[in-house]
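Okay, structure first, notes after.
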Amino acid sequence: MPRKSRRRSKKHCTLLKRLVKIKAKKKAKLEEEEGVTPLVDRYWLQRYDLFSRYDKGIKLDEEGWFSVTPEEIAVRHAERSGGGVVIDCFAGVGGNAIQFASVSQHVVAIDIDPHKVAMASNNAKIYGVEDYIDFVVGDFFQLAPYLKGNVVFLSPPWGGPSYSSVGNFTLDLLKPKDGYSMFQIAQSITPNIIMFLPKNVDQREVEELSWLSSPPLHVEIEENYVQSSLKGMTAYFGDAPFR
Ligand code: ADP
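Structure representation (structure tokens):
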């Protein structure tokens, strides 16, 4: 190769390397701004499944990326909630509360973490439903005796992404209280309870919950898919207003 073109190709390589570095830096900055740590990289690829309006300024933190209900499933929960007053007990960054608010009379969205509530409030504004949601920073278990509503929605912590490594997810693995205690507390508000649970949840135990009340509650368990991938199970307890 003539010396001149060898020098040019060396220069070309250096330029390319610099461009790649700049691009990588830009990507890292964008990801940092959006709370995308290496751990949530996989979830970032699914961002439009989580929030179809993601690009309008949706805010999530690391836990939010793991735990928000995919929008398609949240829409399904909302469709079946009956349109009354819904209490979302572990609201997180607001994926469910937003969809409930789109079809319900009112939503009470509770989360113990003020940062989550701030993000949920921001996200609700993006969907134009903030006027239909009362955001409450607090512990659901302490607030329960004061709550009134037609439906209680429970999407309790599953313990992060590691939940899927358990063969049979029993209800005692739910946090911060086991599923039985949580269900009984929810029942003190209304028999109409929607529980969003891991895909590997022990279905026999979920059915058993319905026997905790007398007379036993009707329960229906459905599988929730997004793009043919099973994301979770929803148990609908009670009669009206579910369709
Ligand atoms: P996962 O384990 O499924 O990733 P998270 O740990 O993100 O779930 O928990 C779901 C949400 O529940 C979080 O936003 C968390 O702040 C909230 N949360 C946890 N405990 C309580 C509580 N006692 N009352 C209300 N919200 C709570």
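Note that my numbering has the sequence shown beginning at 1, numbered continuously upward.
Glycine is no exception: its CB is placed at the ideal position from the N, C-alpha and C atoms.
May I ask you to check if the CB of residue i is nearer than 7 Å to at least one heavy atom of the ligand ADP?
i	result
residue 116	yes
residue 113	yes
residue 158	yes
residue 139	yes
residue 92	yes
residue 213	no
residue 66	yes
residue 110	yes
residue 130	no
residue 63	yes
residue 176	yes
residue 13	no
Pull up the DSSP beta-bridge partners for residue i, would you.
i	result
residue 230	225
residue 235	195 and 221
Which residue spans inside the segment 93-155 form an unbroken alpha helix (DSSP H) run of at least 4? 95-103, 114-126 and 140-143
Of all the alpha helix (DSSP H) runs that stay within the bounds of the segment 162-201, which reach a length of 4 or more residues? Counting only runs of at least 4 residues, the segment 162-201 fully encloses the following alpha helix (DSSP H) elements, listed from N- to C-terminal order: 179-187.
Hey, is the segment 163-181 in contact with the segment 223-231, meaning 3+ C-beta pairs nearer than 8 Å? no
Just to confirm the assignment: which complete beta strand (DSSP E) runs, minimum length 3, are found wholly within the segment 31-88? 85-88
Does the segment 132-139 come into contact with the segment 110-123, if we say contact requires no fewer than three beta-carbon pairs (one atom in each stretch) closer than 8 Å? yes
Is the segment 193-203 in contact with the segment 230-238, if contact means three or more CB pairs nearer than 8 Å? Put simply, the segment 193-203 touches the segment 230-238. At least three CB pairs are less than 8 Å apart.
Given 8 Å as the limit, is there contact between the segment 65-73 and the segment 90-97, that is, 3 or more CB pairs closer than that? yes
Count the C-beta pairs between the segment 150-161 and the segment 72-84 that are closer than 8 Å, then say yes if the count reaches three, no if not. Contact holds between the segment 150-161 and the segment 72-84, because three or more Cβ pairs, one in each stretch, are under 8 Å apart.
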